[in-house]
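Asker:
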Amino acid sequence: MEKVEVKELLEAGVHFGHLTRKWDPNMAPYIYMERNGIHIINLYKTAAKIEETCAALAKIAASGKKILFVATKKQAKDIVAEKAGAVNQPYITERWPGGMLTNFVTIRKAVKKMASIDRMKKDGTFNSLSKKERLQVDRQRAKLEKNLGSISDMTRLPGALFVVDIKREHIAIKEAQKLNIPIFAMVDTNSDPRQVDYLIPSNDDASKSINKILSIVASAIQDGLDDRKAERAEKDGKAEKTEAKAEAKPAKKAEKAPVAATQEEE
7 MEKVEVKELL EAGVHFGHLT RKWDPNMAPY IYMERNGIHI INLYKTAAKI EETCAALAKI
67 AASGKKILFV ATKKQAKDIV AEKAGAVNQP YITERWPGGM LTNFVTIRKA VKKMASIDRM
127 KKDGTFNSLS KKERLQVDRQ RAKLEKNLGS ISDMTRLPGA LFVVDIKREH IAIKEAQKLN
187 IPIFAMVDTN SDPRQVDYLI PSNDDASKSI NKILSIVASA IQDGLDDRKA ERAEKDGKAE
247 KTEAKAEAKP AKKAEKAPVA ATQEEE
């Protein structure tokens with residue numbers, strides 16, 4: 007995991023909260039002070055929460071479950087797409103599709119529709135359609151790709167949700183809560199931290215701050231994926247050794263048989 011340095015968090019502006027009049031009193035334990043009408047987040051507490059969050063995320067990644075990233079705000083969209091994509095995790099950066107989690111079967115059908123259009127294009131069925139139908143199908147495919155393209159490989163519900171700005175993504179939060187899916191999030195001073203299981207008190211409005219936190223989170227997930235890969239390789243190695251031993255045993259018995267036969271002749 008990328009090391010958490012308080013100095014780097016400070017340089018990225020992670021400590022800047024919201025205006026004091028917009029604060030949520032439940033964030034009081036994570037606020038260091040007030041300066042010029044703005045709350046300043048305690049970065050030592052942020053660093054501790056990052057380590058706690060990353061340890062939990064690495065475990066989920068190592069178990070083989072997917073972590074769904076959710077961020078539809080302008081400053082976070084591209085960063086989330088880049089960081090989540092780099093560690094092969096699904097993400098939603100366009101409008102949250104209602105029922106994405108609670109009605110996952112329907113969402114999967116829409117993803118399958120996208121795959122069936124791709125098959126039509128490969129097998130030539132698409133070319134047999136009229137010009138108007140082809141245009142409609144292309145538009146439908148483009149719309150599905152925009153909204154659901156990033157979750158096309160997610161065949162089951164995610165093992166966790168990572169959210170940037172829980173106030174904005176309140177529908178996603180409610181759906182995850184209904185299904186008892188663990189929620190990880192960047193939580194600013196204007197939000198209620200009780201809504202999530204693992205919080206990172208931080209500035210969720212500045213792209214520099216979002217980039218810094220997500221870089222650390224992605225690094226932890228990669229560590230979890232690497233651990234899973236190493237564990238699998240170790241298991242495969244042990245299985246191969248066991249098979250090799252099993253094959254070698256009958257051969258040894260066959261070698262002893264002629265010796266026994268010569269003793270009888272004597």
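Take 7 as the starting number for the sequence shown in this note's numbering and just add one per residue. Just so you know, even glycine gets a beta-carbon here, dropped at the ideal spot from N, CA and C. These figures come from a predicted structure and were not determined experimentally.
Just to confirm, are residue 47 and residue 221 a CB contact at a threshold of 8 Å?
Answerer: No, the Cβ-Cβ distance between residue 47 and residue 221 is not below 8 Å.
Asker: From the DSSP output, which residues share a beta bridge with residue 16?
Answerer: Answer by DSSP bridge pairing: none, since residue 16 is not bridged.
Asker: Starting from residue 126, follow the alpha helix (DSSP H) in both directions and report where the run begins and ends.
Answerer: Here the alpha helix (DSSP H) through residue 126 covers 110-129.
Asker: For residue 199, which residues of its own chain have a beta-carbon under 7 Å away from its beta-carbon, when the five flanking residues on both sides are left out?
Answerer: Within the same chain, residue 199 has close Cβ partners 32, 33, 193 and 205.
Asker: Please classify residue 230 as buried or exposed, where buried requires at least 16 other C-beta atoms within 10 Å of its C-beta.
Answerer: Buried is the call here.
Asker: At which residues does the alpha helix (DSSP H) containing residue 11 begin and terminate?
Answerer: Element bounds for residue 11: n/a, residue is neither H nor E.
Asker: To the nearest angstrom, how far is it from the Cα of residue 168 to the Cα of residue 179?
Answerer: Cα to Cα, the separation comes out at about 10 Å.
Asker: Run the CB neighbour count on residue 263, radius 10 Å, all protein chains shown included, and call it buried at 16 or more, exposed below.
Answerer: For residue 263, the predicted model reports a pLDDT of 48, less than 50, meaning its position is unreliable; a value from the coordinates is still stated below. Under this definition residue 263 is an exposed residue.
Asker: Report the residue ranges of all beta strand (DSSP E) runs contained in full by the stretch 184-251; include only those spanning at least 3 residues, in chain order.
Answerer: Those beta strand (DSSP E) runs which fall completely within the stretch 184-251 and span 3+ residues are 189-193 and 204-207.
Asker: What do you get for residue 253, buried or exposed, if any count of 16 or more other CB atoms within 10 angstroms of its CB means buried?
Answerer: Label assigned to residue 253: exposed.
Asker: Taking only three categories from DSSP, how would you classify residue 66?
Answerer: Here residue 66 sits in helix by DSSP.
Asker: So, using beta-carbon positions, are residue 10 and residue 57 closer together than 8 Å?
Answerer: The answer is yes: Cβ separation under 8 Å.
Asker: To the nearest angstrom, how far is the alpha carbon of residue 267 from that of residue 251?
Answerer: Below a pLDDT of 50, predicted positions are generally treated as unreliable, and residue 267, at 44, falls in that range; the measurement from the model is reported next regardless. Going by the C-alpha atoms only, they are around 26 Å apart.
Asker: Looking at residue 235 and residue 18, is the spacing between their C-beta atoms short of 8 Å?
Answerer: Going by C-beta atoms, residue 18 is not nearer than 8 Å to residue 235.
Asker: Under 8 Å by Cβ, that's how I've got residue 81 and residue 212 pegged, so tell me the actual separation to the nearest angstrom.
Answerer: The Cβ separation is near 7 Å, so the contact holds.
Asker: Smallest Cα separation from residue 45: which of 24, 67, 30 and 59?
Answerer: Out of 24, 67, 30 and 59, 24 has the C-alpha closest to the C-alpha of residue 45.
Asker: Are the stretch 138-155 and the stretch 99-109 touching, with three or more C-beta to C-beta distances below 8 Å?
Answerer: At 8 Å Cβ cutoff, the stretches touch.
Asker: So who's on the other strand from residue 39, going by DSSP bridges?
Answerer: According to DSSP, which records beta bridges pairwise, residue 39 is partnered with 46.
Asker: Residue 186 to residue 64, Cα distance in whole Å?
Answerer: Rounded to whole angstroms, residue 186 to residue 64 spans 19 Å at the Cα level.
Asker: Looking only at C-alpha atoms, which of 66, 201, 196 and 227 sits nearest to residue 28?
Answerer: Ranking the options by Cα distance to residue 28, first place goes to 196.
Asker: Does the pairing of the stretch 112-123 with the stretch 138-151 give three or more beta-carbon distances under 8 Å?
Answerer: A contact exists between the stretch 112-123 and the stretch 138-151.
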